[in-house]
Each structure stands twice: as C-alpha cells, then as structure tokens.
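What follows is a set of notes on a single structure, which appears directly below.
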Amino acid sequence: MTLKERRLFIFCSLFLLAAFLAVHLGGDRFLEELRKPPVQAAFREDDTVLVEGQVWKQEERAEYHVFYLRDNSITKSGRTVEEAGIILYDPEKTDLRTGNILRASGQLFFFDEARNPGNFDQQFYYQRQNIHVGLWAQSVEVKDDSFWHLRDTLERFRGEWRKALLEAAGEKDGGILAAMILGDRQGMDPETKELYQVNGIAHILSISGLHLSFIGIGSYQLLRRRTGSYLAGGLLGIGFLLLYILMIGTGVAVLRSLVMFLLRVGADMAGRAYDMITALAAAAAVVILWQPLAFYDGGFQMSFGAILGMWILGELMRPSGKERQAGRGKDRRPEKEKSLPVRAKKGLVQALQSSLGVQMILLPVTLYHYFEFPLCSVFLNLLVIPLMSALLFLGMTGSLMYMAVEPAGQALVWMGSRILDIYEVSCLAALSLPGSRLVTGQPDMGAVWFYYLTLGITIVLWVLAKKKKRAGGRESPAERRRALVPVFAGAAVLLFAGPASGLGSLGQVEITMLDVGQGDSSFIRADDGTAILVDGGSSDTDQAGRYRVEPFLKAEGVGVLDYVFVTHGDSDHMNAVEELLDRQETGVKVSCLVLPVPGVWDEELKALAGKAKSRGVPVAVMDRGGTLSCGSLTVTCLQPGEEDEMEPGNGASLVLDISCGDFDMLLTGDVEGEGEEALEQRLKKTYDVLKTAHHGSRNSTSESFLQKASPSAALISAGRDNRYGHPHQETLDRLRRERCSVYQTAQSGSVTIVTDGRTMRIRRFLP
11 MTLKERRLFI FCSLFLLAAF LAVHLGGDRF LEELRKPPVQ AAFREDDTVL VEGQVWKQEE
71 RAEYHVFYLR DNSITKSGRT VEEAGIILYD PEKTDLRTGN ILRASGQLFF FDEARNPGNF
131 DQQFYYQRQN IHVGLWAQSV EVKDDSFWHL RDTLERFRGE WRKALLEAAG EKDGGILAAM
191 ILGDRQGMDP ETKELYQVNG IAHILSISGL HLSFIGIGSY QLLRRRTGSY LAGGLLGIGF
251 LLLYILMIGT GVAVLRSLVM FLLRVGADMA GRAYDMITAL AAAAAVVILW QPLAFYDGGF
311 QMSFGAILGM WILGELMRPS GKERQAGRGK DRRPEKEKSL PVRAKKGLVQ ALQSSLGVQM
371 ILLPVTLYHY FEFPLCSVFL NLLVIPLMSA LLFLGMTGSL MYMAVEPAGQ ALVWMGSRIL
431 DIYEVSCLAA LSLPGSRLVT GQPDMGAVWF YYLTLGITIV LWVLAKKKKR AGGRESPAER
491 RRALVPVFAG AAVLLFAGPA SGLGSLGQVE ITMLDVGQGD SSFIRADDGT AILVDGGSSD
551 TDQAGRYRVE PFLKAEGVGV LDYVFVTHGD SDHMNAVEEL LDRQETGVKV SCLVLPVPGV
611 WDEELKALAG KAKSRGVPVA VMDRGGTLSC GSLTVTCLQP GEEDEMEPGN GASLVLDISC
671 GDFDMLLTGD VEGEGEEALE QRLKKTYDVL KTAHHGSRNS TSESFLQKAS PSAALISAGR
731 DNRYGHPHQE TLDRLRRERC SVYQTAQSGS VTIVTDGRTM RIRRFLP
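Residue numbering for the sequence shown follows the working numbering, starting at 11 and increasing by one per position.
Here it is in structure tokens:
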C-alpha cells in the first residue's frame with residue numbers, strides 16, 4: 011500500500027504532530043491537567059475536609075480500599091471547591107459499589123513531585139489522569155446507593171476470579187497470573203516483579219496487545235468458525251472483548267490494542283485489507299484525544315514504539331514480488347508440508363527479527379525511563395513470548411474451570427505455574443551472567459534525537475539498497491553493512507556518551523545532596539569516575555534506598571558504587587544502605603563499605619558490617635588522618651580516631667574533608683556536642699561548603715564553629731514539615747549571620763555542586 015492510499019494514516023499523523031506541539035508548547039494554556047487546581051489554592055495539606063463524589067473505580071488492598079471518585083466537591087468551613095478526580099483511601103474497607111455517590115471526611119493530601127533526578131514523579135503521573143488530590147478517609151457513608159449494574163457485576167467477578175487464581179496457583183504464582191490476566195498487580199511478589207523488569211520482560215505483566223490479541227482475536231476466530239460469518243464472529247468477538255476491558259479497566263496499552271483490534275476485525279467484516287501502520291496511527295490519535303499528556307508517558311512510548319518497530323522491520327525484510335517468486339521456485343511445497351526443522355528455523359529467525367526491531371525503536375525509550383539496558387532481553391523474549399499464549403490459556407481456562415471443577419482447573423493452573431518457573435530460572439540465569447545489565451544513566455535528549463536521526467538514515471539506505479536490487483542491480487553484503495553504520499554510531503553515542511561515561515563531567519567533581527526526606531545521603535562523583543555515597547537513610551520515607559537513592563544513582567549512570575561511607579549507626583543515615591546491600595543482584599552494587607573506627611560502633615553498625623560481609627562486600631575502616639584519592643579529589647577523615655574516647659552516637663560521627671584544588675567541603679554527619687567541639691579545634695582551614703550537621707538541629711553548628719569553618723554555602727538535609735522542627739530557626743539565623751547561603755532539600759529537592767577545583771556552581775533540582 012502506497013503512502014497516497016493511506017489517507018487515514020496521513021490525517022492521524024498530522025493530528026498527532028499538531029497535538030504534540032499544542033501540548034508541548036501550549037502547556038497549561040492548552041491543558042486543564044497542567045493548571046494549578048483550585049483545591050490547592052483553597053486548602054492546605056492535612057486539612058480535614060468533607061468530600062462528595064461518585065465511585066467509578068475501586069481496588070482492594072491489604073490494609074485499605076482505594077476508591078477513584080469523579081464529579082467531586084470538597085468542603086471546609088463553608089467553602090466548597092469542585093474537583094474532577096480524587097483518590098480516596100479507606101482503612102475501614104467500606105463496602106461500596108461502582109456508581110455509588112459517597113460522602114467522606116478525612117485528611118487531604120497532594121501528590122509528591124520527583125525530589126531527585128531519576129525519581130518517580132507521582133504528581134505528574136496523576137496529573138495525566140486529571141487527578142490532583144487524595145483523601146485519607148476517617149469516615150465514609152453512602153449518599154446515593156444507585157450503581158452501575160454491569161460495571162459492578164464485572165468488578166465483583168474480577169474479584170472472584172482473582173481469588174480463584176490465588177487459591178489455585180498459590181500467593182506467588184497467583185499474584186503473577188492476576189497481574190497478567192486481570193491487570194491487578196497489588197498482590198504480586200515485588201521480587202519477581204523486579205526480576206522481570208531488570209531482565210527486560212516486565213511487559214508480559216501488563217495487559218497489552220499480546221493479551222488482548224489472544225483474547226480478542228482468539229474469540230473472534232473461534233466465533234467466526236462456529237457461526238460461519240465474519241459479521242457475526244466480529245460483532246460477538248468485539249462484544250466479548252469490550253466486556254473484558256470494562257472489567258480490567260482502560261490503560262494506554264489496552265486502548266491501543268482495542269482500537270487496532272476493532273480496525274482489524276472491521277477490515278475483515280468489510281472485506282478490506284488491514285494496514286498495521288494506519289491502525290497504529292489511529293490508535294495513537296484516540297489515546298491522545300483521551301489523555302493528551304500520554305505523549306510523555308513511558309508506557310505510551312513503549313507500547314506504540316514496539317508495534318512500530320515490528321512494522322518497520324517487517325517492511326524492510328519483506329521480499330519483493332520477484333524475490334517471492336524466486337523463493338517459490340526453489341521450494342514449491344506448501345508451508346504445512348515443509349519439515350519441522352525448516353519451519354522452526356524460519357519461525358526463530360522471524361521472532362529474532364521482530365525482537366530486534368522492537369529493541370531498535372525502544373532503546374532510547376528504555377534508557378530514558380529505566381536508565382539501563384538488559385543485554386539478554388532480546389534472547390529472553392524469544393523464550394518468553396512464544397510461551398505466553400500457552401500461559402494465558404492455562405491461566406485463564408484453568409482458573410475459570412477451578413471455580414466450577416476444582417481438580418481439573420488446578421491441574422491446568424499447575425501447568426501454567428511450570429511456565430512461570432521457566433521464566434524465573436531463565437531470568438536468574440541471565441542475571442548471573444557477567445555484564446548482563448548495562449547501566450548507562452538517563453541519556454540527554456540531544457543523544458536521543460541523534461539516535462533516531464541515524465536510525466532514519468539507516469532505514470533510508472536500506473530502502474535504497476532494496477530498490478536497487480529490485481531494479482535488477484546487485485546488492486552486495488558490504489552495502490548492507492554500510493547501511494547499518496549510522497544506527498550503530500547513534501547507539502554508541504546513546505550507550506557510551508551518557509552519564510555513565512563521565513564525559514559530561516570531565517575535569518569536574520559533582521557532589522549531590524539527595525532529598526531522602528528526614529534523613530541524609532550525599533553522592534560524590536570524582537573526575538576520574540569514582541562513585542562514592544556518604545550515608546543513605548530516612549526516618550519518614552519508606553524504602554528510601556529503593557525509591558530515592560537507587561533510581562538517582564541509575565539515572566546518573568552508576569551501576570557500581572566504589573565506596574559507601576556510613577558516618578554513624580542512626581537509621582536515618584543507614585537504612586537505605588542496608589537496602590542497597592540487600593539488593594546486590596538487581597540493584598546498584600557496592601564494592602566497599604567504609605565505617606568509622608570500631609571503637610565507636612554501636613549494635614547497628616556491627617549489624618551493618620555483618621550484613622555487608624554476608625553479601626560479599628568488603629568492609630574498611632577509616633581512622634583520623636586516613637585519605638582516599640580519586641583523580642583530583644581527596645577524601646580525608648578528620649575524626650574520630652582510634653585514640654578518641656567517644657561514645658557511639660551522633661557525637662562520634664565520621665567527619666570527612668572533601669577537597670579538589672581550591673575547593674573544600676565538610677561533611678559532618680550528625681556531629682554535635684563534644685564531637686563538634688573537638689572538630690572545631692581540629693579545623694585547619696575554611697570551607698566553601700558545609701553539610702550542616704544533624705539536619706540543622708539547634709544543638710549543632712554553633713556560632714564559634716561557623717566562624718572557624720567560615721562556609722560560603724550550607725546544605726541542610728531535612729524532611730518537609732518534619733516532627734523535629736528541622737532545620738531549627740536558631741540554626742538558620744546563625745548561618746545567615748555568617749552570610750552563608752542556605753540550600754534546603756525540603757525546599758529545593760536535591761542540591762548539586764559542580765566544581766573544577768577553581769570555580770563552583772550550585773544548582774537546585776526543583777525551582
């Protein structure tokens with residue numbers, strides 16, 4: 011089919027271009043989702059309010075129920091504000107039906123934006139769905155008990171189906187099957203989920219084209235054969251699929267698959283040819299009309315990019331008419347009569363080509379959103395995807411049968427569980443291979459566009475070579491190899507010129523104080539690429555290591571931390587480090603743990619050292635006067651020393667002098683009291699930057715200490731609205747009296763210092 015014949019494709023492509031420009035350039039002038047909602051101007055976080063709204067979706071979780079509300083009003087002290095979407099968390103697990111109108115009172119909260127590079131942006135995630143606020147309910151009551159009978163029946167059936175999966179397959183395998191079949195990931199084992207993700211097969215957990223094709227196309231073809239009619243089979247297949255989607259909910263991948271399925275079945279019913287690229291463009295237009303901010307959604311980019319990659323490679327590899335005739339001349343046997351090895355080889359080659367086509371398009375998207383590339387994913391998907399049809403059949407049929415005939419259903423589900431065992435063993439084997447994961451960091455947009463430019467050039471060269479061959483010329487292997495040179499160059503820039511290469515910081519040292527909430531964590535990248543973490547922990551952010559520290563490190567291209575220093579044993583300085591040690595297989599590796607002298611170890615530091623050794627991580631001790639040199643960067647321990655008589659705790663924190671040329675910075679842990687007094691006596695120079703001790707508490711950073719250190723800038727790591735009142739106003743006043751510029755993670759997110767040893771730049775992550 012020529013481009014002129016693809017009028018719908020041209021129209022949808024122009025619409026998508028116009029929509030992208032409007033969204034990207036127009037911003038909040040064009041989109042309601044990006045405007046500051048009235049509720050933020052009217053109320054404050056933690057205000058107790060009254061909410062009325064209609065339940066349009068609900069989820070069951072272990073500790074509470076989640077209700078998605080629409081057409082809401084929020085009231086406090088006689089003031090009422092309308093809000094399109096609200097998420098309500100109900101610890102009482104009130105029994106509501108979809109379509110009920112409820113009245114609830116509780117505490118209002120707003121969603122967090124990303125606080126560090128690489129962190130998940132919860133605020134933007136919900137903005138895309140036009141949801142700006144949530145409520146922790148204290149009481150919930152039904153105002154209007156009318157409900158949507160079909161939707162409610164389907165959701166309750168979904169709950170029963172999930173229960174059958176968990177009973178038949180067990181908690182672990184049942185949770186995986188519930189994610190694949192019902193789109194419910196709440197009960198899924200987090201370790202398995204991460205194992206799939208780091209190996210590049212997490213796409214099988216999403217309800218996507220693979221799943222809907224199995225259900226939709228399978229039911230359509232079955233019904234068409236049974237009825238003998240394209241029209242009847244198509245209408246019944248569409249109806250069956252719509253009921254399934256109404257039950258599981260609509261996401262980007264689901265909507266894409268539905269539109270493409272409708273166009274395929276519609277083409278069959280009308281006796282027209284189905285064109286994949288036209289269907290893909292039409293599906294993208296529908297998704298953007300429904301959710302304009304989906305342009306920036308990794309799920310949208312990966313879902314559509316995967317199909318685009320398969321289509322492009324299919325077109326490039328599709329033989330011409332003459333080539334097909336020549337092929338038929340060599341082997342005139344029908345496909346069914348060819349030997350099994352021949353068919354298997356052909357299928358394997360096609361699967362490999364398809365997988366390569368997908369990776370070719372998705373490489374920049376994968377690196378931009380996940381910061382790493384699983385090198386074995388191409389080959390793992392050759393195993394995983396062909397088994398998916400069998401797994402879905404066994405899981406669906408078996409669990410449905412289990413509700414009626416338990417033994418027969420359980421036998422089918424058991425067979426499906428053995429496929430999951432194959433997946434797990436394959437992933438663990440791939441993960442054990444040296445260099446199985448390439449952590450590149452988040453690529454610069456310039457590198458992304460350069461890659462797609464080189465990919466476009468490669469496609470053009472390949473098409474020209476094919477045209478030459480079709481015109482009677484000869485296409486040499488050298489021409490094919492030359493056609494691939496541009497895209498290989500683009501991939502090299504994308505993979506090896508990112509943050510992991512250190513090219514962007516040649517001759518420079520970068521120091522970042524991360525925002526971990528009420529805690530402490532600082533990352534240092536020396537000019538020779540050495541990666542150092544000083545502390546990592548939080549008292550008010552759950553799993554700060556997994557969700558704050560590790561994503562930041564991966565976004566910076568850090569797959570291995572050369573040194574991790576822990577200043578003392580408080581959990582808000584080390585619980586994230588414990589997480590890193592626990593996650594050595596799937597997370598960021600630690601090469602060496604550095605602790606203060608054993609004389610100041612408490613039980614927590616002893617346990618941390620034991621955990622490191624059990625994970626195969628060497629433990630080193632840094633005494634006063636000890637140094638570590640990395641390029642032009644020198645890390646010196648100022649205290650404590652072996653001969654110091656200090657009790658374990660804040661006062662005995664490991665204090666580090668960071669120097670690079672004329673630049674000096676002081677990392678103080680939580681030092682205070684006698685420890686700070688001893689440090690004050692030991693200071694031999696002034697500092698450009700001070701990491702303010704103990705989150706800016708009033709008992710640290712005394713006036714005499716500040717006069718001795720004389721910093722021009724001070725960094726304070728503390729949680730927003732923390733219960734300790736950090737940083738204390740007295741400490742802030744002392745810093746300002748010394749004319750010290752103050753940077754707080756509670757206000758700015760992470761704070762990064764870049765120095766070449768002569769000059770210094772400080773930048774905030776949040777404006």
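A virtual CB, placed ideally from N, CA and C, is assigned to each residue, including glycine.
Can you find the residues in the same chain that come closer than 8 Å, C-beta to C-beta, to SER601, ignoring five residues on each side of it along the sequence?
Numbered from its first residue, the sequence shown carries residue 601 at position 591. So the qualifying residues of the chain are VAL570, LEU571, ASP572, TYR573, VAL627 and PRO628.
So, are the CB atoms of ASP285 and ARG16 less than 8 Å apart?
Reading the sequence shown from its first residue, position 275 is the one you call residue 285. Reading the sequence shown from its first residue, position 6 is the one you call residue 16. Yes, the Cβ-Cβ distance between ASP285 and ARG16 is below 8 Å.
Inspect the beta-carbon positions of LEU745 and LEU716 and report whether they are closer than 8 Å.
For the purposes of this step, residue 745 is taken as the residue at position 735 of the sequence shown. For the purposes of this step, residue 716 is taken as the residue at position 706 of the sequence shown. Their beta carbons are under 8 Å apart, which means LEU745 touches LEU716 by this criterion.
Helix, strand or coil, according to DSSP, for LYS477 in the structure here?
Taking the first residue of the sequence shown as position 1, residue 477 is located at position 467. The answer is helix: DSSP assigns LYS477 an H, G or I state.
Which whole-angstrom value describes the C-beta separation of GLY172 and ASP154, a residue pair presumed to lie in contact below a C-beta threshold of 8 Å?
Locating residue 172 in the sequence shown gives position 162, where the first residue counts as 1. Locating residue 154 in the sequence shown gives position 144, where the first residue counts as 1. A quick correction: the sequence has Arg, not Gly, at residue 172. At roughly 28 Å, the Cβ-Cβ gap does not stay under 8 Å, so ARG172 and ASP154 are not in contact.
Would you list the residues sitting across from CYS647 in a DSSP beta bridge?
Stepping through the sequence shown from its first residue, residue 647 is reached at position 637. Answer by DSSP bridge pairing, in chain order: LEU666.
Helix, strand or coil for ILE111 per DSSP?
As a first step, residue 111 must be located in the sequence shown, where it is residue number 101. ILE111: strand per DSSP, three-state reduction.
Starting from ARG535, follow the beta strand (DSSP E) in both directions and report where the run begins and ends.
As a working mapping, residue 535 is identified with position 525 in the sequence shown. From DSSP, the beta strand (DSSP E) with ARG535 extends over 529-535.
Mind the definition here: the stretch 516-526 touches the stretch 668-682 only if three or more C-beta pairs lie below 8 Å; say whether that holds.
Cβ pair count under 8 Å is three or more, so yes.
Within 10 angstroms of its Cβ, does HIS705 collect 16 or more other Cβ (buried), or is it exposed?
Taking the first residue of the sequence shown as position 1, residue 705 is located at position 695. Classification for HIS705: buried.
Run through the DSSP bridge pairs and tell me what PHE383 is partnered with.
In the sequence shown, residue 383 corresponds to position 373, counting from 1. Answer is LEU448, bridged to PHE383.
From ILE542 to ASP199, what distance separates their C-alpha atoms?
Locating residue 542 in the sequence shown gives position 532, counting from the first residue. Locating residue 199 in the sequence shown gives position 189, counting from the first residue. Taking the straight line from one Cα to the other gives about 31 Å.
I'd like to know if TRP171 contacts chain C, where contact means its C-beta is closer than 8 Å to some C-beta of that chain.
You won't find chain C in this structure, because it holds only one protein chain.
Return yes when the Cβ of LEU700 is within less than 8 Å of the Cβ of ALA724, no when it is not.
Looking up residue 724 in the sequence shown gives position 714. Looking up residue 700 in the sequence shown gives position 690. Yes. Within cutoff.
Cβ atoms of ASN129 and PHE533: under 8 Å apart, would you say?
If you number the sequence shown from 1, residue 533 lands on position 523. If you number the sequence shown from 1, residue 129 lands on position 119. Contact flag unset, no.
Closest by CA to THR769, which one among GLY405, GLY261 and SER722?
Position 759 of the sequence shown, counting from 1, holds the residue named residue 769. THR769 has its Cα closest to that of SER722, out of GLY405, GLY261 and SER722.
Return the CA-CA distance between ARG556 and THR577, expressed in angstroms with no decimal places.
Walking along the sequence shown from the start, residue 556 turns up at place 546. Walking along the sequence shown from the start, residue 577 turns up at place 567. Each residue's Cα considered, the two are about 20 Å apart.
Which word fits ARG491, buried or exposed, when buried means at least 16 other C-beta atoms lie within 10 angstroms of its C-beta?
Counting from 1 along the sequence shown, the entry for residue 491 is found at position 481. Exposed, by the Cβ-count rule.
SER229 bridges to which residues according to DSSP?
Taking the sequence shown and counting its residues from 1, the one referred to as residue 229 is at position 219. According to DSSP, SER229 bridges with nothing at all.
Contact defined as beta carbons within less than 8 Å: I believe MET312 pairs with LEU372. What is the distance between those atoms, to the nearest angstrom?
Here residue 312 is taken as the residue at index 302 of the sequence shown, counted from 1. Here residue 372 is taken as the residue at index 362 of the sequence shown, counted from 1. The Cβ separation is near 6 Å, so the contact holds.
For PHE19, I'd like the list of residues in its chain whose CB is within less than 7 Å of its CB, leaving aside the five on either flank, ordered along the chain.
Taking the first residue of the sequence shown as position 1, residue 19 is located at position 9. Contacts found: ILE287, THR288 and ALA291.
Applying the criterion that 16 or more other CB atoms from any shown protein chain within 10 Å of the CB defines a buried residue, is LYS432 buried or exposed?
Along the sequence shown, read from residue 1 onward, the residue named residue 432 stands at position 422. First, the residue type needs correcting, since residue 432 is Ile and not Lys in the sequence shown. ILE432 should be labelled exposed.
Going along the chain, which residues of its own chain have a beta-carbon closer than 6 Å to the beta-carbon of GLN132, five neighbours each way excluded?
Translated into positions along the sequence shown, residue 132 becomes position 122. Correct list, in chain order: PHE121 and ASP122.
In chain order, what residues of the same chain have a beta carbon less than 6 Å from the beta carbon of GLY527, not counting five sequence neighbours either side?
Translated into positions along the sequence shown, residue 527 becomes position 517. If we look at GLY527 and ignore the five residues flanking it on each side, its Cβ neighbours are SER548, ASP550, THR551 and GLY729.
Would you give the residue range spanned by the alpha helix (DSSP H) that SER624 belongs to?
For the purposes of this step, residue 624 is taken as the residue at position 614 of the sequence shown. First-last of the alpha helix (DSSP H) with SER624: 613-624.
Mapping DSSP to helix, strand and coil, what is THR755?
The count along the sequence shown starts at 1 and reaches residue 755 at position 745. Helix at THR755.
Quick one: Cα of GLN360 to Cα of ARG353, how far?
Within the sequence shown, the letter at position 350 stands for residue 360. Within the sequence shown, the letter at position 343 stands for residue 353. Straight-line Cα distance between these residues: approximately 11 Å.
Taking DSSP as the reference, what is the three-state secondary structure of SER149?
Numbered from 1 along the sequence shown, position 139 holds the residue referred to as residue 149. In the structure shown, SER149 sits in a strand (DSSP, three-state: E or B).
So for LEU176, helix, strand or coil by DSSP?
Counted from its first residue, the sequence shown places residue 176 at position 166. The answer is helix: DSSP assigns LEU176 an H, G or I state.
Residues in its own chain within less than 7 Å of GLY243 by CB, not counting five upstream and five downstream?
As a working note, residue 243 is residue 233 in the sequence shown. Once the five neighbours on either side are set aside, the close Cβ partners of GLY243 are TYR230, LEU233, ARG234 and THR237.
Which residues bound the alpha helix (DSSP H) around ARG282?
Position 272 of the sequence shown, counted from the start, is the residue given in the question as residue 282. Here ARG282 belongs to no alpha helix (DSSP H), and DSSP marks it neither H nor E.
Could you please give the first and the last residue of the uninterrupted alpha helix (DSSP H) stretch that includes ALA51?
By one-based count along the sequence shown, residue 51 stands at place 41. Where ALA51 is concerned, the enclosing alpha helix (DSSP H) stretches over 48-52.
Just to confirm my understanding: we take ALA295, look at its own chain, exclude 5 residues before and 5 after, and list those with CB closer than 7 Å. What are they?
Sequence index remark: in the sequence shown, residue 295 carries index 285 (1-based). So the list reads CYS22, PHE25 and LEU26, once near-sequence residues are dropped.
Specify the secondary structure class of GLN68 as computed by DSSP and reduced to three states.
Within the sequence shown, numbered from 1, the residue matching residue 68 stands at position 58. Looking at GLN68 - three-state DSSP - the assignment turns out to be strand.
Could you tell me whether any non-hydrogen atom of the ligand ADP is closer than 7 Å to the CB of LEU160?
With respect to the ligand ADP, the structure shown offers nothing to examine, as it has no ligands at all.
I need the boundaries of the beta strand (DSSP E) containing MET198, first residue and last residue.
What you label residue 198 is simply residue 188 of the sequence shown in a count that begins at 1. Taken as a continuous stretch (DSSP letters only), MET198 belongs to no beta strand (DSSP E), as it is neither H nor E.
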